[in-house]
Amino acid sequence: MPNIRHILSLSGGKDSTALAIYMRDKISDMEYVFCDTDKELAETYEYLGRLEAFLGKKIVRLRDDRGFDHWLKVYGGYLPSSRMRWCTKVLKIKPFEKFVGTDEVMMYVGIRADEDRGGYITSKPNIHPVYPFRDDGMTLQDVHRILDESGIGFPTYYDWRTRSGCFFCFYQRKNEWVGLLERHPDLYEKAKQYEKTNPVNGERYTWTERESLEELARPERVAEIKAKQQDALLAAKKDKPNRPLLEILGQDEDDDNLPCSFCHT
């Protein structure tokens with residue numbers, strides 16, 4: 014019988030972190046990995062450091078040595094989007110599959126029982142996704158409890174952002190881009206530099222549909238986004254007063270594509 018490896022891939026978010034805590038004493042030979050794009054927030058690295066200390070085990074950092082800028086050129090300058098998630102493929106999935114090789118692997122994924130989204134899908138027959146939270150009926154409330162009881166808590170970026178991922182992640186809502194602008198103006202500027210306009214046909218390559226980061230950063234637009242977000246929060250709290258704020262912040266009428274669990278769990 015072949016030796017089976019147990020691997021938990023962390024995204025730097027609340028669910029995969031809670032799953033690592035949940036599984037710590039269940040599987041002694043669990044391996045913990047983080048697919049690092051080198052475009053993450055400083056808060057993500059700090060959070061992983063806290064988790065590493067709690068687990069008492071090293072979190073292996075996996076990287077594609079060529080990096081985002083190389084692959085951006087390969088893809089003709091087309092920024093990744095929900096319709097073309099090449100960043101997840103080349104910077105997350107490929108390094109993980111290279112790390113696994115041909116070994117038989119049980120891969121633990123932090124998708125909860127109260128979520129309606131798919132997990133990591135692979136063509137590799139030796140990688141077998143496992144969903145302990147879904148199997149055990151664990152919900153968002155359980156994740157909150159696990160993080161609170163462990164003392165790890167939530168990543169500090171949850172003060173203004175609802176998901177883990179690169180600082181320029183295209184899944185960010187408008188108000189989260191405003192959060193990046195206000196908390197990490199240097200990173201906002203770097204994200205802005207990636208946006209281009211095709212000089213031949215005038216097609217714009219922007220992180221958000223129908224709006225560039227330069228346009229979004231205008232004071233009147235920032236004020237409009239903040240006001241809209243505040244109105245949405247007040248309406249949601251009035252409709253469901255006992256609903257957790259973090260869950261409310263995760264809702265957006267423009268969010269019709271759910272991200273992959275490799276980047277956002």
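In this note's numbering, the protein residues as written are 14 to 278.
Just so you know, even glycine gets a beta-carbon here, dropped at the ideal spot from N, CA and C.
Alpha-carbon to alpha-carbon, residue j and residue i
i: F67; j: E233; result: 44 Å
i: A316; j: I238; result: Nothing can be reported for residue 316: it is not among the residues displayed for the chain, which extend from 14 to 278.
i: R186; j: S41; result: 38 Å
i: E228; j: K39; result: 50 Å
i: E59; j: N214; result: 43 Å
i: R130; j: E65; result: 27 Å
i: A31; j: Y121; result: 12 Å
i: L271; j: G178; result: In this prediction, L271 scores a pLDDT of 49, lower than 50, which makes its location untrustworthy; the coordinate-derived value is nonetheless stated afterwards. C-alpha separation (whole angstroms): 13 Å.
i: N139; j: A33; result: 22 Å
i: T280; j: I106; result: Shown here, the chain extends from 14 to 278; a query on residue 280 therefore has no answer.
i: S24; j: E216; result: 33 Å
i: K137; j: E110; result: 8 Å
i: Y184; j: G164; result: 29 Å
i: I72; j: P212; result: 44 Å
i: L43; j: R37; result: Per the sequence shown, residue 43 should be read as Met rather than Leu. Answer to the nearest angstrom: the Cα atoms are 8 Å apart.
i: L226; j: S94; result: 15 Å
i: Y88; j: R96; result: 14 Å
i: R223; j: G90; result: 18 Å
i: L85; j: P108; result: 17 Å
i: L247; j: R174; result: 18 Å
i: W220; j: A230; result: 13 Å
i: S249; j: S22; result: Contrary to the premise, residue 249 reads as Ala rather than Ser in this sequence. Roughly 33 Å separates the two Cα atoms.
i: H141; j: D149; result: 18 Å
i: E195; j: Q242; result: 15 Å
i: A240; j: D172; result: 17 Å
i: Q154; j: P168; result: 16 Å
i: D127; j: E162; result: 21 Å
i: V113; j: K70; result: 18 Å
i: G26; j: A236; result: 28 Å
i: K203; j: R63; result: 27 Å
i: D269; j: D199; result: Low local confidence applies: a pLDDT of 39 at D269 is under 50, so the model's placement there is unreliable, with the coordinate-based value given in what follows. Spanning the two alpha carbons is a distance of roughly 29 Å.
i: H83; j: K251; result: 47 Å
Residue j beta carbon less than 7 Å from that of residue i
i: I159; j: Y35; result: yes
i: V156; j: D28; result: yes
i: Y201; j: E56; result: no
i: L280; j: F81; result: With the chain covering only 14 through 278, there is no way to say anything about residue 280.
i: K205; j: Y218; result: no
8 Å contact criterion, which residue i and residue j should meet: CB distance rounded
i: G166; j: F146; result: The pair is not a contact, with the Cβ atoms about 18 Å apart (cut-off 8 Å).
i: T152; j: R125; result: 6 Å
i: H197; j: F180; result: 7 Å
i: Y207; j: L92; result: 6 Å
Contact test: residue i Cβ vs the ligand COA heavy atom, cutoff 6 Å
i: L246; result: As for the ligand COA, it is missing from this structure, which has no ligand bound.
Contact with chain D by residue i, beta-carbon distance below 7 Å
i: Y121; result: As a matter of chain content, chain D is missing from the structure shown, which is built from one protein chain.
Exercise for the section: State whether the segment 45–65 contacts the segment 100–113, with contact taken as three or more CB pairs (one from each stretch) at a distance under 8 Å. Expected result: yes
Exercise for the section: May I have a chain-ordered list of the beta strand (DSSP E) segments no shorter than 3 residues that lie completely inside the segment 130–204? Expected result: Listed in chain order, the beta strand (DSSP E) runs fully inside the segment 130–204 are 140–143, counting runs of at least 3 residues.
Exercise for the section: Assess, as a yes-or-no matter, whether the segment 184–199 is touched by the segment 69–82 under the definition of 3 or more beta carbon pairs within less than 8 Å. Expected result: With the cut-off at 8 Å, the segment 69–82 and the segment 184–199 do not touch.
Practice task
Ignoring anything shorter than 4 residues or poking outside the segment 201–236, list the alpha helix (DSSP H) runs there in chain order.
Solution key: 226–229
Problem - At least three beta-carbon pairs within less than 8 Å, the segment 111–119 to the segment 16–25 - result: yes
Practice task
Within the segment 71–129, note down every full alpha helix (DSSP H) run reaching 4 residues or more, in order along the chain.
Solution key: 80–87, 107–113
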